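Chain order of the listed sequences is A and B. Each residue of the first sequence is one higher than the one before, starting from 1 at the first, in UniProt numbering. Each residue of the second sequence is one higher than the one before, starting from 1 at the first, in UniProt numbering. Note that CB positions come from ideal geometry on N, CA and C, so glycine has one too. Just so we're clear, the structure is a prediction, and the values are computed from it rather than from any experiment. Worksheet: one structure, shown below.
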Amino acid sequence: MFTALYELLIGKNPDPTYRNTVFTPVGLLTLVIMLGLAATFYLLLGRWKAVFHRTSHWVVTLVVALVIAFSLAVSYAKDATGEPEADSYMMGFGGVNLILAGLLFFGFSLLFRRGSKFARYTPF
Amino acid sequence: MKLFVFAIGGTGARVLRSLTMLLAAGAKVPDNLTIVPILLDMDMQNGDTARALNTVELYRTIRTAAYPNGVAPATQADAPRAFFSTLIQSLGTLQSETTQERIGDSFLPQLTEHQGTFEEFLNVSTMDDIDRELLKVLYDNSAKPTSAELKLDLSVGFKGNPNIGSVVFNALEDSALYKYFVGAFNNETDRIFIISSIFGGTGSSGFPQLVKLLQEPSQKMPIRNARKGAVTVMPYFALEENGQSAIDQNRFNSKTKAALSYYQNQIHLDSLYYIGDKPGAKLYANVEGGAKQANNAHVVELLAAETVLDFANRGAGEFAGAKTFYEYGLRRDDRQLDFVHFADTTYRNVMLPLVRFAYASKFYTEYVPANLRESFAKSLGLQQQLGSSTYFVALTKFMGEAFRKWLGEMADNDRKFDPFNFQTDFNGMVRAKQIEPKTFMGFGDKGINENFLLNEAGDAEPKLLAQYPQPETRLMHLLMTVADKCMQKLGDLNRQLV
Numbered sequence: 001m002f003t004a005l006y007e008l009l010i011g012k013n014p015d016p017t018y019r020n021t022v023f024t025p026v027g028l029l030t031l032v033i034m035l036g037l038a039a040t041f042y043l044l045l046g047r048w049k050a051v052f053h054r055t056s057h058w059v060v061t062l063v064v065a066l067v068i069a070f071s072l073a074v075s076y077a078k079d080a081t082g083e084p085e086a087d088s089y090m091m092g093f094g095g096v097n098l099i100l101a102g103l104l105f106f107g108f109s110l111l112f113r114r115g116s117k118f119a120r121y122t123p124f
Numbered sequence: 001m002k003l004f005v006f007a008i009g010g011t012g013a014r015v016l017r018s019l020t021m022l023l024a025a026g027a028k029v030p031d032n033l034t035i036v037p038i039l040l041d042m043d044m045q046n047g048d049t050a051r052a053l054n055t056v057e058l059y060r061t062i063r064t065a066a067y068p069n070g071v072a073p074a075t076q077a078d079a080p081r082a083f084f085s086t087l088i089q090s091l092g093t094l095q096s097e098t099t100q101e102r103i104g105d106s107f108l109p110q111l112t113e114h115q116g117t118f119e120e121f122l123n124v125s126t127m128d129d130i131d132r133e134l135l136k137v138l139y140d141n142s143a144k145p146t147s148a149e150l151k152l153d154l155s156v157g158f159k160g161n162p163n164i165g166s167v168v169f170n171a172l173e174d175s176a177l178y179k180y181f182v183g184a185f186n187n188e189t190d191r192i193f194i195i196s197s198i199f200g201g202t203g204s205s206g207f208p209q210l211v212k213l214l215q216e217p218s219q220k221m222p223i224r225n226a227r228k229g230a231v232t233v234m235p236y237f238a239l240e241e242n243g244q245s246a247i248d249q250n251r252f253n254s255k256t257k258a259a260l261s262y263y264q265n266q267i268h269l270d271s272l273y274y275i276g277d278k279p280g281a282k283l284y285a286n287v288e289g290g291a292k293q294a295n296n297a298h299v300v301e302l303l304a305a306e307t308v309l310d311f312a313n314r315g316a317g318e319f320a321g322a323k324t325f326y327e328y329g330l331r332r333d334d335r336q337l338d339f340v341h342f343a344d345t346t347y348r349n350v351m352l353p354l355v356r357f358a359y360a361s362k363f364y365t366e367y368v369p370a371n372l373r374e375s376f377a378k379s380l381g382l383q384q385q386l387g388s389s390t391y392f393v394a395l396t397k398f399m400g401e402a403f404r405k406w407l408g409e410m411a412d413n414d415r416k417f418d419p420f421n422f423q424t425d426f427n428g429m430v431r432a433k434q435i436e437p438k439t440f441m442g443f444g445d446k447g448i449n450e451n452f453l454l455n456e457a458g459d460a461e462p463k464l465l466a467q468y469p470q471p472e473t474r475l476m477h478l479l480m481t482v483a484d485k486c487m488q489k490l491g492d493l494n495r496q497l498v
């Protein structure tokens, strides 16, 4: 699923490493991390105390999520391909993963916010 | 159980105002109590009466929306009652079996249709000469245009003249209001309570006449057998000198003595409460009546209101048959009072609910408007409704204006009762005890601060959501929950006089 998604947006790379060992683990890891971040924001902190529940806090969490997603994709691709520097394909992959992460975090936010005490109306 | 509360004259209205505050605060009363206040006053424009009416109407608006099925949550014996839990119903909304004439929904039904002077009320112009001469012996008919007794304009009350009021109240039996009351009183477990002053005009004349009517052998059985009580408010304030006024404060004590001796033999009630005070240094404006007669609230009125609760709280078996007299006494005669000055029952049943309500008031009128973007406020729809919905506006008026003003007036009076400081934060609001934060390096218990309130409100609101989907009811429960948490932070107050 992740392979099809990534290749749809950034095209197919002649190096089969991406298909075989990069796309699926990066996609799954991104999904799990976004799930964890949203759950932490809404179900852990959002139910514990009113310390990190406002829209500004949510934006900070989103930015962190995007940075993680981009870095994860690029570093994973570098490690897997053995390239010393990130090429344009890797940067594109990082960018697509960043968008995917944003969408996932937003989706999980909608899902989890009802279970929060202090962030039920965050971000809106 | 219905308790029909006749509040007669300006003092009756002021005590009713205090009673409404106590009921709003959840002062201790039986769970099934319904209060039917009946304001009796010729002076329909009286400032005291208007203020009491506004307060009761606000209460009614709030209660109707907060408890739409009419029933407030029952509480355990020692637990504080819900805010606005007691049903307050106007006489005109009850079913009356003997009269078809409706008296309207007001808490101030019209006593008489007469408009004009006392002389016109008596139809002096149609009297023969002998009767007219007799009247001149009984009443001042001098040339003074406004203060001569026969020339008094009754639309502003009796101006401290019970000898006039008693004549007017003698016609009470034939009034639509009284007939409606008789028709509506059909249950022997219901009770009657009368609030009046003994030193004015309206209360001191209306009280004995009303009791006489209730005691008449021809009176219907449920009324004759009903438990009856009254609070008689003796002089507790002094007036400014005003040579133009028909109210003569030099007669307060003599009128009180004369009335007391009459009550001793002629007033037969199950419980008769007496309260009064040595007038303080603050003088009230000597106003004969009308909109300008709006005296500051006084702690005596608060304690007089407590007698209504005391009477309602007494079980049927506590009325032994003989009439019982009660007098109120403070634990120490200081001019400035705090919670420690009141007896344990007053402290427990009245003062602690007031503290709880004060916390709720501060939370609702100060904290909530500044935090409308928080989840609990959004869930309650407060961003949209706080300034527009009838219920939320009424609650703001009651908690932020009426309640604060009432407290402020008592704080400004003599005797002074000033238990709260709303100008400071929650930790210092109760003057009797400052909540001391217990922190180390900025961490630890900071008392009642913004985070504490947000945590408590944010924690409580989602839990209440399932049980009370209607925002009005949920908000009321939220206020009580937050107030209870504040009370826990406050802990016990000192009960030792120092």
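Under the Cβ criterion of 9 Å, A/Lys49 is counted among the residues facing chain B. Below the 8 Å Cβ cutoff, chain B contributes Ser375 as neighbours of A/Ala119, in chain order. The alpha carbon of B/Thr345 has as its nearest neighbour, out of B/Asn455, B/Thr324, B/Thr307 and B/Glu366, the alpha carbon of B/Thr307. Judged by DSSP in its simplified three-state form, A/Gly115 adopts helix.
Collapsing the DSSP output to three states places A/Arg120 in coil. Separation of the CB atoms of A/Ala77 and A/Leu98 is rounded to 13 Å, and the pair is thereby denied contact status at 8 Å.
Shown here for B/Leu453: same chain residues with a beta carbon closer than 7 Å to its own, the five before and five after excluded, namely Phe363, Tyr367 and Val482 in chain order.
Unbroken beta strand (DSSP E) runs of no fewer than 3 residues, entirely contained in the segment 137–196 of chain B, are not found. Take the alpha-carbon of A/Leu31 and the one of A/Phe106: they are about 12 Å apart. For B/Arg356, the uninterrupted alpha helix (DSSP H) segment begins and ends at Leu352 to Lys362. In the DSSP assignment, B/Pro37 falls within the unbroken beta strand (DSSP E) covering Thr34 to Leu40.
Not flagged as an interface residue toward chain A: B/Gly381, since no C-beta distance is shorter than 9 Å. Within the same chain, Cβ atoms closer than 8 Å to the Cβ of B/Gly458 are found at Glu374, Ser375 and Phe376, the five residues on either side in sequence being excluded. With respect to chain A, the C-beta atom of B/Lys378 has a partner C-beta closer than 9 Å. At a cut-off of 9 Å between C-beta atoms, A/His53 counts as an interface residue with respect to chain B. Of the candidates B/Tyr263, B/Val300 and B/Tyr359, the residue whose Cα lies closest to the Cα of B/Phe325 is B/Tyr263.
With respect to chain B, the C-beta atom of A/Ser109 has no partner C-beta closer than 9 Å.
Residue contact check for A/Thr122 against chain B: a CB pair falls below 9 Å.
Residues of the segment 434–467 of chain B with a Cβ closer than 7 Å to any Cβ of chain A, in chain order: Asn451, Leu454, Asn455, Gly458, Asp459 and Pro462. Using a Cβ distance threshold of 9 Å, B/Asn295 and B/Asn349 do not count as a contacting pair. B/Gln89 places its beta carbon 9 Å or farther from that of B/Ile8.
By the C-beta criterion, the segment 172–188 of chain B is judged not to be in contact with the segment 120–138 of chain B, since fewer than 3 inter-stretch pairs fall below 8 Å.
Residue pairing by DSSP places B/Ser271 opposite B/Gly229 and B/Thr324 in a beta bridge. Boundaries of the beta strand (DSSP E) around B/Asp445: Phe443 to Asp445. The segment 268–282 of chain B makes no contact with the segment 109–121 of chain A; the number of CB pairs closer than 8 Å stays below 3. Nearest Cα to B/Leu154 within the set B/Phe181, B/Ser166, B/His114 and B/Tyr178: B/His114. In the structure shown, A/Ala80 adopts helical secondary structure according to DSSP, grouped into three states. In the three-state reduction of the DSSP assignment, B/Leu23 falls in the helix class. Taking C-beta separations shorter than 7 Å and ignoring five residues to either side along the sequence, the partners of A/Thr61 in its chain run Leu37 and Phe41, following chain order. If only complete runs of 3 or more residues are kept, the segment 400–446 of chain B shows the beta strand (DSSP E) at 438–440 and 443–445, in order along the chain. Where B/Lys2 is concerned, the enclosing beta strand (DSSP E) starts and stops at Lys2 to Ile8.
For A/Ile99, DSSP assigns no beta-bridge partner whatsoever. Comparing C-alpha distances from B/Lys2 to each of B/Asn32, B/Leu19 and B/Ala27 shows the shortest one belongs to B/Asn32. When rounded, the separation of the alpha-carbon atoms in B/Met44 and B/Ala13 is 11 Å. When DSSP assignments are scanned along the segment 362–396 of chain B, no uninterrupted stretch of beta strand (DSSP E) that is 3 or more residues long falls wholly within it.
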